[in-house]
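K.L.:
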Amino acid sequence: MPIARATRAAGPAVVHTGGVTHPELAQRPRWRFTGDGRFPVAARFDDRWWVLRINGFPDHPLWTLFVAGVARFDLDDVPTGWGRPLDRSAPTLPDDTAAAVLAPVRRFTAYGSEHGRPCDGPFCCDG
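In this note's numbering, the protein residues as written are 14 to 140.
Okay, structure coming up:
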């Protein structure tokens, strides 16, 4: 999967992945904390859960976005419309909701594991 490099521009985020556009980058999710260090935030958008995984940066892109349990793309910077995902003022999901939201991605803790190629670097990928 190509890495989506979101760059800040005057308008919506511009994405460079070999001509592929990602409609998620133009949205405005409302992030909620999950209580999980590897998948710290999630947002319900269009009746699907979005989950951000934090990766071993700078060895890997900072974030991977999963939508409905499927990896969509990697990115280093979030688009302006996404706000600050780790904003401490964001609410936390109830434990049972967070568990249900994270269940589809729980096995993808290591960068690349969602593609069957988990990183095994001792410093960046302890998944």
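Cβ atoms here follow ideal geometry from the backbone N, Cα and C, with glycine treated the same way.
Note that the structure is a prediction, hence the values are computed from the model and not measured.
Find out if the Cβ-Cβ distance for the pair R66, F121 is shorter than 8 Å.
P.N.:
It is a contact, given that the beta carbons lie within the stated cut-off.
K.L.:
Return the CA-CA distance between W63 and A111, expressed in angstroms with no decimal places.
P.N.:
For W63 and A111, the distance between alpha carbons rounds to 12 Å.
K.L.:
Could you give the distance in angstroms between the alpha-carbon of F36 and the alpha-carbon of D133?
P.N.:
Strictly speaking, residue 36 in this sequence is Pro, with Phe absent from that position. Spanning the two alpha carbons is a distance of roughly 31 Å.
K.L.:
State the CB to CB distance for the pair A56 and T47, rounded to an integer number of angstroms; the pair is presumed to be in contact (CB under 8 Å).
P.N.:
Contact doesn't hold; Cβ gap of about 10 Å is too wide.
K.L.:
Taking W76 as the reference, give the member of F58, D59, D60, P98 with the closest Cα.
P.N.:
Of F58, D59, D60, P98, the residue nearest in Cα terms is P98.
K.L.:
In terms of alpha-carbon separation, which member of F52, D89, L38, T34 lies closest to L106?
P.N.:
Residue F52 is the option with its Cα nearest to L106.
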